[in-house]
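Asks: Dumping the structure here so I can ask a few things about it.
Number of protein chains: 2
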Amino acid sequence: MYGYEITQQVKEQSEGKILLTEGALYPALHKLEADGLLTTERVMIGKRMRKYYTLTPAGNTAITDKIKEFYSFLEAMQLIIGGKPKNT
Amino acid sequence: MYGYEITQQVKEQSEGKILLTEGALYPALHKLEADGLLTTERVMIGKRMRKYYTLTPAGNTAITDKIKEFYSFLEAMQLIIGGKPKNT
DNA sequence: CAAATATACCTAAGATTCTTTGGTATACAA
DNA sequence: TTGTATACCAAAGAATCTTAGGTATATTTG
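As structure tokens, then:
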């Protein structure tokens, strides 16, 4: 995907609950790229540029690990605050 | 509860997965107090001081709201991470 | 009994990350 | 022609966390 598309997809798929702004996203993408977790491919659409980002093998490992961390964190939070998500 | 107790309880109840350090906790407690969400009661245990924190009514409202926000965020994350891709 | 660990408070520098607010430019609809 | 959407980006300020200390008492252990 490309940057702007990510902001729109996050907004759409999260039903407007998560607003990932460009000011937060672009610096993050650049850092991930600098860390070797993403590669970019510049594509011209007419006269407008897009930068498509793709996960590197290291990026795939990293995201898998991060998601595991996230679920581990959720389990821990569950133990602390108790309860379960409502209306799911 | 008091500050140090919170760090220990979080560590214990989260099975060591969440480490809430004092450097993060104390400034946060002081801010919550300044914002009127907590009140403190100083108690001497022998020659050692403890500061017990209690939620104010505003604090109770705030924590309830925050937990709701948290679950709302989780649902949104579920849609994105475990989400439904358009294609593939 | 001396030294290490645990309890209990705290601050401050540095790093990281997010929000806000701008900028540039093309495409299209009102 | 003005506004909205697309598409990239940077920088200042704010918020938060990590790290690394400081002070002091209490208890455990070698």
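Protein chains in written order, with the numbering used here: chain H, 1 to 88; chain R, 89 to 176.
Note that CB positions come from ideal geometry on N, CA and C, so glycine has one too.
Predicted model, so just to flag it, every value in this text is computed and none were measured.
Write down the C-beta distance between A76 of chain H and E103 of chain R rounded to the nearest angstrom, noting that I regard them as a contact closer than 8 Å.
Replies: Rounded, the Cβ-Cβ distance is 7 Å, consistent with contact.
Asks: Could you give the DSSP three-state label for I45 of chain H: helix, strand or coil?
Replies: I45 of chain H falls in the strand class under three-state DSSP.
Asks: Once the 5 residues before and after M49 of chain H are set aside, which same chain residues still bring their CB inside 8 Å of it?
Replies: If we look at M49 of chain H and ignore the five residues flanking it on each side, its Cβ neighbours are R42, V43.
Asks: Go to L154 of chain H, then tell me how far its alpha helix (DSSP H) extends in each direction, as first and last residue.
Replies: This structure cannot settle anything about residue 154 of chain H, because the visible part of chain H is limited to 1 through 88.
Asks: Look up Y2 of chain H in the DSSP assignment and give the residues it is bridged to.
Replies: In the DSSP output, where bridge partners are listed per residue, Y2 of chain H has H:Y52.
Asks: Is there a C-beta anywhere in chain R that falls below 8 Å from the one on V43 of chain H?
Replies: Taking Cβ atoms only, chain R never reaches closer than 8 Å to V43 of chain H, which makes this a no.
Asks: Check whether the Cβ atoms of T142 of chain R and T127 of chain R sit closer than 8 Å, and answer yes or no.
Replies: Yes.
Asks: Throw me the rounded Cβ distance for the L29 of chain H and G59 of chain H pair, which I believe falls under 8 Å.
Replies: With a Cβ gap of about 11 Å, L29 of chain H and G59 of chain H do not count as contacting.
Asks: Confirm, please, whether the CB-CB distance from G46 of chain H to Y26 of chain H is below 8 Å.
Replies: Cβ distance not < 8 Å, so Y26 of chain H and G46 of chain H don't count as in contact.
Asks: Just how far apart, CA to CA, sit K68 of chain H and K119 of chain R?
Replies: Each residue's Cα considered, the two are about 32 Å apart.
Asks: Out of R:F161, R:L162, R:Y140, point me to the one whose CA is closest to I94 of chain R's CA.
Replies: Among R:F161, R:L162, R:Y140, the Cα nearest to that of I94 of chain R belongs to R:Y140.
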